[in-house]
Amino acid sequence: MEKITKLELGRKHKKLRKKHMNKGVLSATKDDPQKKSLDTLLKQTNPLVLISFGLLCLVAVVLVVSLVSLIILNKHTQQTGTQANNAQASIDQSKPVMIATPTPTPTPTPVPFPIGPQIYTVSSPDRTIIVKQLYISALDTKIGEPVTMKLAIQDIKSVINSVTVKIITDNKSQSPDFSLKSGTPNDGSWEGTWVTDDTHGYNYQAKITITDASGNIFSGTPTFR
Numbered sequence: 159m160e161k162i163t164k165l166e167l168g169r170k171h172k173k174l175r176k177k178h179m180n181k182g183v184l185s186a187t188k189d190d191p192q193k194k195s196l197d198t199l200l201k202q203t204n205p206l207v208l209i210s211f212g213l214l215c216l217v218a219v220v221l222v223v224s225l226v227s228l229i230i231l232n233k234h235t236q237q238t239g240t241q242a243n244n245a246q247a248s249i250d251q252s253k254p255v256m257i258a259t260p261t262p263t264p265t266p267t268p269v270p271f272p273i274g275p276q277i278y279t280v281s282s283p284d285r286t287i288i289v290k291q292l293y294i295s296a297l298d299t300k301i302g303e304p305v306t307m308k309l310a311i312q313d314i315k316s317v318i319n320s321v322t323v324k325i326i327t328d329n330k331s332q333s334p335d336f337s338l339k340s341g342t343p344n345d346g347s348w349e350g351t352w353v354t355d356d357t358h359g360y361n362y363q364a365k366i367t368i369t370d371a372s373g374n375i376f377s378g379t380p381t382f383r
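In my numbering, each number is its position in the sequence shown, counted from 1, plus 158.
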């Protein structure tokens with residue numbers, strides 16, 4: 159009887175102890191304020207808000223990943239461009255430089271000269287020495303053919319001392335002698351003759367210089383072509 163009583167007492171003691179421990183755990187769980195607040199917050203929060211928050215987090219992650227990818231791609235593109243430029247520079251340095259040959263200007267066809275003797279008037283600005291008329295026997299001469307020029311000259315204040323004429327053609331020039339052939343030194347005809355020794359299809363001029371005893375000078379350059 160005594161043994162049974164002790165055994166039953168031991169069992170009752172274990173049951174009470176176990177019950178007391180379970181009660182303590184439940185009490186601690188009910189009394190935990192953090193867990194209670196979290197449970198209350200989860201119960202009170204709208205499910206749509208939680209979904210939105212999750213989506214925002216996902217979008218933020220995607221943006222960060224995209225930004226990092228762009229930075230890496232940009233760096234790779236710059237490196238590739240630098241390598242391409244260096245390669246192009248190497249190619250350009252090894253490539254021979256091509257210099258375009260300018261197209262030559264076509265030579266115009268000269269206009270034919272009038273045939274036969276020609277007579278011109280020559281401007282005399284100061285009106286002291288006046289070239290009243292210029293006569294030339296021919297303009298369309300060929301190399302080897304003679305040409306005669308006559309100048310009718312009048313000096314209002316003095317007498318003519320000298321007459322020089324420089325004939326300028328395409329590639330050459332020559333200065334034939336001029337002398338008084340008729341009239342007087344203050345109003346007469348001065349004449350010179352030369353042989354054509356150059357072409358004159360593009361350039362044909364006569365540079366005339368006349369001086370008198372008083373030191374007056376006439377200078378003019380009639381152009382035939």
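C-beta atoms are modelled at their ideal positions from N, C-alpha and C, and glycine is treated no differently.
It should be emphasised that the depicted structure is a prediction, and the values quoted were computed from it without experimental measurement.
Considering only the alpha carbon of each residue, which of the options lies closest to residue i?
i    : options                : result
V323 : F336, K315, F382, T263 : F336
T327 : K233, T261, T379       : T379
R383 : I375, N361, G373       : N361
F376 : L309, Q332, V217, G341 : L309
P266 : A364, A371, G359       : G359
P275 : T261, P264, T299, S281 : T299
A371 : I277, D313, P262, V220 : D313
T354 : W348, K339, D345, P334 : P334
K330 : P262, E303, Q363       : Q363
I311 : Q332, S340, L214       : S340
I277 : M307, C215, I230       : M307
G346 : T261, T381, L292       : L292
Taking 8 Å as the cut-off, decide whether the C-beta atoms of residue i and residue j are in contact.
i    : j    : result
D356 : I301 : yes
V305 : T351 : yes
L297 : P272 : yes
I368 : I287 : yes
N374 : K315 : yes
P343 : I325 : no
Quick one: what does DSSP say residue i is sitting in, helix, strand or coil?
i    : result
I295 : What sits at residue 295 in the sequence shown is Ser, not Ile. Residue state, collapsed to three classes: coil.
I375 : strand
F211 : helix
T235 : helix
T381 : strand
V226 : helix
V353 : strand
V289 : strand
V149 : Limits of the chain in this structure are 159 at one end and 383 at the other, which puts residue 149 out of reach.
V220 : helix
Y360 : coil
T279 : coil
D370 : strand
D284 : coil
Hey, could you find the ends of the beta strand (DSSP E) residue i is sitting in?
i    : result
K315 : Neither: K315 is in no beta strand (DSSP E) and is coded neither H nor E.
F271 : From DSSP, F271 is part of no beta strand (DSSP E); its letter is neither H nor E.
K330 : No beta strand (DSSP E) contains K330, which DSSP labels as neither H nor E.
A258 : Taken as a continuous stretch (DSSP letters only), A258 belongs to no beta strand (DSSP E), as it is neither H nor E.
G302 : First-last for G302: undefined, no H or E at that position.
T342 : 336-342
Nearer than 7 Å: is that true of the beta carbon of residue i relative to any heavy atom of the ligand NAD?
i    : result
P260 : By its list of ligands, the structure shown contains no ligand whatsoever, and the ligand NAD lies outside what it can speak to.
Measuring only between beta-carbons, confirm whether residue i sits less than 8 Å from chain C.
i    : result
D335 : Note that chain C does not occur in the displayed structure, where there is just one protein chain.
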